[in-house]
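**Q** Numbering (this note's numbering), first residue to last: 1 to 138. Beta carbons: idealized from backbone N, C-alpha and C, even for Gly.
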Amino acid sequence: MFTLVVSFVFAQLAPVTWRLAGVRLMDVVIGSLIGVVFGLLAWPRGAQAELHRAVALLLAREAETVEATTAAVVAGRRDTAPDDRALQLALSLAESAYAQRQSEPRAPVAGAPDWQAAMITGHHVLWGSRRLLARAGP
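#1: Tell me whether S129 is buried or exposed, calling it buried when 16 or more other Cβ atoms sit within 10 Å of its Cβ.
#2: If you draw a straight line from the C-alpha of L87 to the C-alpha of I120, how long is it?
#3: Take R106 as the anchor and find which of V23, D27, A47 and S32 has the nearest alpha-carbon.
#4: Taking 8 Å as the cut-off, does the region 86–102 touch the region 48–61 (at least 3 CB pairs, one atom from each stretch)?
#5: Write down the C-beta distance between L93 and A56 rounded to the nearest angstrom, noting that I regard them as a contact closer than 8 Å.
#6: Find the nearest neighbour of R24 within the set L51, G122, T65 and L4, judged by alpha-carbon distance.
#7: Check for me: the alpha helix (DSSP H) holding M26 runs from which residue to which?
#8: Cutting at 7 Å between CB atoms, please list the residues of its own chain near D27, excluding the five before and the five after it.
#9: Tell me where the alpha helix (DSSP H) around R85 begins and ends.
#10: For T70 versus D84, is the C-beta distance shorter than 8 Å?
#11: What span of residues does the alpha helix (DSSP H) with R61 cover, start to end?
#12: Please list, in chain order, all residues of the same chain as V109 whose beta carbon is under 8 Å from its beta carbon, the five residues on each side excluded.
#13: Consult DSSP for I120 and reduce its assignment to one of helix, strand or coil.
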């Protein structure tokens, strides 16, 4: 979209000549270099640290959902499901960080955490709390 806007602006500001193609090419090259530099500055070590934070947040949200679900079942309020949007967001962030980590080259590490188990647990908590608190009961 940015390239199209720049092309339209240049076409309105100056008559179309053979020099305009060179200016556009230079804009694209400069924009690409700026994007690469900021990309390297924003994520210099890859997704490993972000994956740790995202999974920690996911596990905290899982614990909150389990507590809320347990409180609803004990109180006999099975028709009122707790708000699970925070758990859904944490699950999406953890899955995105995991996908980013999987796409990065790295050496295998012995004893690495089982990230998929944490995300599967998140899915079980999300869908299990919904099913447990459905009107039909467990």
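**A** Taking the definition as stated:
#1: By the neighbour-count criterion, in which 16 or more other beta carbons inside 10 Å mark a residue as buried, S129 falls on the buried side.
#2: Take the alpha-carbon of L87 and the one of I120: they are about 13 Å apart.
#3: Of V23, D27, A47 and S32, the residue nearest in Cα terms is A47.
#4: Enough Cβ pairs lie closer than 8 Å, so yes.
#5: With a beta-carbon spacing of about 11 Å, L93 and A56 fall beyond the 8 Å limit used to define contacts.
#6: For R24, the nearest C-alpha among the options comes from L4.
#7: For M26, the enclosing alpha helix (DSSP H) stretches over residues W18 to A42.
#8: Closer than 7 Å at the Cβ level, and outside the excluded window around D27, lie V6.
#9: Looking at the DSSP string, the run of the alpha helix (DSSP H) that includes R85 is R85 to Q102.
#10: At least 8 Å separates the beta-carbon of T70 from that of D84.
#11: Q48 to A75 is the span of the alpha helix (DSSP H), which, as asked, contains R61.
#12: Correct list: empty, nothing qualifies.
#13: DSSP places I120 in helix when its eight states are reduced to three.
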